[in-house]
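Take a look at the structure below.
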Amino acid sequence: MPAEESLAELLARVALRDRRAFERLYRATCDRLFSVSLRILRNESRADEVLQEAYVSIWHNAPKYDAAAGTPMTWMINIVRNRSIDLLRARKSELASTTEIDDKALNVAADSAGEPQRLLDDSLVKAKIAECMRALAAAQRQALALAYYRGMVHTDIASALNAPLGTAKGWVRRGLEQLKSCLEGAGVTGL
Amino acid sequence: MNYLLPERLDRLAREYALGTLAGPARRRFERVLRSSAAASTAVNAWQGRLSVLDLSTAPVQPRESTWRGIERQLFATPDRVASPSVRSGGVLPALLGLLSGRGLVGAVVGALLCVVVLRMQPGIVGLEPQVDALPQSYVGVLLDPAGKAALVASSRRQGRLLTVKILQPLNVPAGHVAQLWALPKDGAAPFPVGVIAAQGSSRLALPDTSEKLFFNVSRLAVSFEKAPPNAGDAPAGAYALIGNCVKVW
Chain A
47 MPAEESLAEL
57 LARVALRDRR
67 AFERLYRATC
77 DRLFSVSLRI
87 LRNESRADEV
97 LQEAYVSIWH
107 NAPKYDAAAG
117 TPMTWMINIV
127 RNRSIDLLRA
137 RKSELASTTE
147 IDDKALNVAA
157 DSAGEPQRLL
167 DDSLVKAKIA
177 ECMRALAAAQ
187 RQALALAYYR
197 GMVHTDIASA
207 LNAPLGTAKG
217 WVRRGLEQLK
227 SCLEGAGVTG
237 L
Chain B
182 MNYLLPERLD
192 RLAREYALGT
202 LAGPARRRFE
212 RVLRSSAAAS
222 TAVNAWQGRL
232 SVLDLSTAPV
242 QPRESTWRGI
252 ERQLFATPDR
262 VASPSVRSGG
272 VLPALLGLLS
282 GRGLVGAVVG
292 ALLCVVVLRM
302 QPGIVGLEPQ
312 VDALPQSYVG
322 VLLDPAGKAA
332 LVASSRRQGR
342 LLTVKILQPL
352 NVPAGHVAQL
362 WALPKDGAAP
372 FPVGVIAAQG
382 SSRLALPDTS
392 EKLFFNVSRL
402 AVSFEKAPPN
412 AGDAPAGAYA
422 LIGNCVKVW
């Protein structure tokens, strides 16, 4: 990943309407942001659509970026996540009522974006909080992974993990509380 | 509901950041986010915590056409100097090469002629409008203190551009800007939309679709500010213009 300082510099120049800086920002970050969208939407075409919308939004909103609110990468990831989640929810009923199987896209997504549980475990190791997060039951960690990496809501998680809705909500809440506690214990503030 | 009670705010912020806050509750909280610095701070904190979950994300390179699509949306034409796709060759540069000099002039004249003919005779290629109705839009008409219409603002329901037409020039005090505000109908704090020109027409890029921004907005207003406000700021003084914002559909 490029140094956050250079991303911050690029973003500052984008805020001044510098097209060259905008392209460099895109080249430096598009692969990570595309991966974020792909793992939620699991469809290359829709992930691509979201990625384009997200960078248009980044261009328009760069002057409003506040370094005190988070790193440039965190800011951009959340633009992509929110748009991906919006599109996922908008298409949810359509997906539920059709039998479209986009095998190719799903295979690509599965290979390149990874599975939620593995992504979570690997990330926790890299953040040096894997031990601390083992205080959670496997189902609690899985619930957190499905929410974050797949954009699932509580009802989806309950269904996927074959648990009552209230239990699934509790797993997610407990997962977040433990994450916060572990990060504070490790002195980690984010990306 | 008071969204800003600390415990409730933290719960909503973490569910929003994670993505489990869904449906109308998510939309309502997004409106709170636009007007509350405390809500933004709470969400930022959770987004920061959750960002560690991206540490193992494996990069996936998008297609080169993605960048060209972004350029088209933002700038209408690709930046030929900056774009590696153009520098490195391909179909597009080859076509641009063929269209150099007189060829390019001829192509531009031909394209303009096509546009003129199609605008005058759209039936030639079956481009007549399918319906005469105005597309689904949000429209605001703002009045001055004398009750005279002074500004019209409009944006398509799913659009991200707001067109503002000034019907009578604004007397913006020196050192100030004319700031457009959206006033939610539930009495929540106004949120800034953008700075508008004192006369003529201007187009504001919106951070989201009109539907999401203006769904709960009943009025628009203009105030004169010393600097463009940030999210969470309130208007510094009285409104110079104010009027209803309506859904046209």
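So the sequence lines, in the order shown, correspond to chains A and B. Per this note's numbering, residue 47 is the first one in the first sequence, and the count goes up by one each step. Per this note's numbering, residue 182 is the first one in the second sequence, and the count goes up by one each step. Every residue gets a Cβ at the ideal spot worked out from N, C-alpha and C, and that includes glycine.
Checklist entry - When the Cα atoms are used, what is the spatial distance from Ala379 of chain B to Gly413 of chain B? => result Ala379 of chain B and Gly413 of chain B: Cα-Cα distance of roughly 24 Å.
Checklist entry - What are the partner residues of Thr390 of chain B, as DSSP defines its beta bridges? => result Partner(s): none; Thr390 of chain B has no beta bridge.
Checklist entry - Counting pairs of Cβ atoms below 8 Å between the stretch 357–377 of chain B and the stretch 396–414 of chain B, do you hit three or more? => result yes
Next on the checklist: I want to verify the contact list: residues of chain B whose CB lies under 7 Å from the CB of Trp105 of chain A, in sequence order.
Outcome noted: Leu255
Checklist entry - Which runs of the beta strand (DSSP E) fall wholly inside the stretch 79–104 of chain A and span at least 3 residues, in chain order? => result none
Next on the checklist: What are the residues in the stretch 226–241 of chain B lying within 7 Å of chain A by C-beta distance?
Outcome noted: Gln228, Gly229, Arg230, Leu231, Ser232, Val233, Leu234, Asp235, Leu236, Ser237, Thr238, Ala239, Pro240 and Val241
Item to check | Closest residue to Ala415 of chain B among B:Val213, B:Ala219, B:Pro373 and B:Ala327 (Cα-Cα distance) | outcome: Nearest of B:Val213, B:Ala219, B:Pro373 and B:Ala327 to Ala415 of chain B, Cα basis: B:Pro373.
Checklist entry - Which residues of chain B have a Cβ atom closer than 7 Å to the Cβ of Gln98 of chain A, listed in chain order? => result Thr247, Gly250, Ile251 and Gln254
Next on the checklist: According to DSSP, Ala425 of chain B sits in a beta bridge with which residue or residues?
Outcome noted: Note on identity: in this sequence residue 425 of chain B is Asn, with Ala being the wrong assignment. Note: Asn425 of chain B sits in a beta bridge opposite B:Arg400.
Next on the checklist: Cβ closer than 8 Å: which chain A residues qualify as neighbours of Ser221 of chain B?
Outcome noted: Ala115
Checklist entry - Looking only at its own chain, which residues have a Cβ that is under 7 Å from the Cβ of Glu392 of chain B, when we skip the five neighbours before and after it? => result Once the five neighbours on either side are set aside, the close Cβ partners of Glu392 of chain B are Arg338 and Gln339.
Checklist entry - Where does Ala334 of chain B land, buried or exposed, given buried means 16+ other C-beta within 10 angstroms? => result buried
Next on the checklist: Using beta carbons (cut-off 7 Å, strictly below), is Ile125 of chain A in contact with chain D?
Outcome noted: Structure shown: chain D not included; protein chains present are A and B.
Next on the checklist: Taking the beta carbon of Ser264 of chain B as the centre, do at least 16 other beta carbons fall within 10 Å, making it buried, or is it exposed?
Outcome noted: In this prediction, Ser264 of chain B has a pLDDT of 43, which is less than 50 and means its spatial position is unreliable; what the coordinates show is noted afterwards. That one is buried.
Checklist entry - Along the chain, which unbroken stretches of the alpha helix (DSSP H) at least 4 residues long are found entirely within the stretch 191–224 of chain B? => result For the stretch 191–224 of chain B, the continuous alpha helix (DSSP H) assignments of 4+ residues that do not extend past its boundaries occur at 204–216, in sequence order.
Checklist entry - Does DSSP put Ser237 of chain B in a helix, a strand or coil? => result coil
Checklist entry - To the nearest angstrom, how far is it from the Cα of Arg400 of chain B to the Cα of Asn425 of chain B? => result Roughly 4 Å separates the two Cα atoms.
Item to check | Cα-Cα separation, His106 of chain A to Val126 of chain A | outcome: 14 Å
Next on the checklist: Beta-carbon within less than 8 Å of Gly134 of chain A's beta-carbon, same chain only, minus the 5 sequence neighbours each way: which residues are those?
Outcome noted: The identity of residue 134 of chain A in the sequence shown is Leu, whereas the question assumes Gly. So the list reads Ile86, Leu87 and Gly197, once near-sequence residues are dropped.
Checklist entry - Who are the neighbours of Ser166 of chain A on chain B, taking C-beta pairs under 9 Å? => result A quick correction: the sequence has Leu, not Ser, at residue 166 of chain A. Near Leu166 of chain A (Cβ distances below 9 Å), the residues of chain B are Leu234 and Ser237.
Next on the checklist: Can you tell me which residues form a DSSP beta bridge with Ile347 of chain B?
Outcome noted: Ile347 of chain B is bridged to B:Leu332.
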